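263 is the number of the first residue of the sequence shown in the working numbering; add one for each residue after it. Glycine included, C-beta positions come from ideal geometry on N, C-alpha and C. These numbers come from a predicted model, not from an experiment. Below is one structure; the comments refer to it alone.
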Amino acid sequence: MTTCITSKDPYQCPGKLEIFRGIVALLPSGRAWQRHEDLFMPGSFIGADVGEFQTNVDQIGPGVDFADQLPTAQKFWYAVAEVMTELHARACALLEEMFCSTVDALEDEWKSDYGIPDPCGTAMTLCQRVETRGGSSTTYLTELAASLGWTIVISECDPQALPSAHAGCARVGCAKTCHCPNDTMFIDIDSGSEAYVDTTDPIVCIIEKYKPANIRPVFSLDGELI
């Protein structure tokens with residue numbers, strides 16, 4: 263059973279009185295259902311159509327219980343509405359579980375789906391894992407590192423090799439001394455990175471995890487091999 267709610271907030275959770283009015287509006291007309299025109303109803307209920315609910319109204323006056331003023335049959339539906347209010351509240355709470363930034367009760371399930379915990383520890387939060395789209399380019403890995411607070415430079419050629427050695431790699435039949443191997447990328451980590459605190463282990467682990475499987479990374483810190 264659904265309740266029509268006029269609200270700018272699409273995630274508004276209906277209250278007991280709103281749900282009760284929705285139930286009554288769906289009942290057949292007539293005396294058997296206590297929905298005939300000359301039936302007395304509490305003041306706060308008169309003139310209320312579905313979609314025109316008053317929120318957070320449980321009493322019609324000081325010290326007067328709304329339910330006590332209802333006809334007998336409507337008291338039954340008001341009791342049903344109380345049970346449904348709890349069901350709606352639980353359903354509304356599930357909305358928070360649909361987003362990594364607000365999840366609580368289902369956090370363990372989220373972490374299991376995204377491979378947490380893993381060898382990289384807390385290098386990436388749950389939401390960072392969710393936002394990770396995947397890729398194999400050096401641009402993607404550089405952007406991923408930047409999103410985690412690391413500044414890195416990725417080169418296909420050994421930055422410590424002489425320029426003349428790099429030039430030799432362009433020729434067909436590259437020699438063994440080539441400094442631009444096809445299966446290696448050179449990653450220089452900036453010690454001035456926001457996330458750097460005495461160790462490069464977190465970003466090394468992340469790169470190892472997300473790099474193409476056939477690529478061997480060679481890491482350095484400010485130009486010094488690590």
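Note: Ile-416 is bridge-paired with Ile-449 in the DSSP secondary-structure output. By the 16-neighbour rule on beta-carbons within 10 angstroms, Asp-450 is buried. Around the beta-carbon of Thr-462, 16 or more other beta-carbon atoms lie within 10 Å, marking it buried. Between Gly-454 and Thr-413 the beta-carbon gap is near 7 Å, inside 8 Å, which marks them as a contact. Residue environment for Gly-292: exposed (fewer than 16 other C-beta atoms within 10 angstroms of its C-beta). Taken through DSSP and simplified to helix, strand or coil, Glu-470 comes out as helix.
For Val-342, DSSP records no beta bridge to any residue. With contacts defined as CB atoms closer than 8 Å, Ile-281 and Met-360 fail to qualify as a contacting pair. Residue environment for Gln-336: buried (at least 16 other C-beta atoms within 10 angstroms of its C-beta).
In the structure shown, the three-state DSSP call for Val-365 is coil. Distances from the alpha-carbon of Arg-297 to those of Thr-446, Leu-332, Ala-355 put Leu-332 closest. When Ser-409, Pro-379, Gly-485 are compared, the shortest CA-CA separation from Asp-452 is found for Gly-485.
Taking C-beta separations shorter than 7 Å and ignoring five residues to either side along the sequence, the partners of Trp-339 in its chain run Phe-282, Ile-285, Val-286, following chain order.
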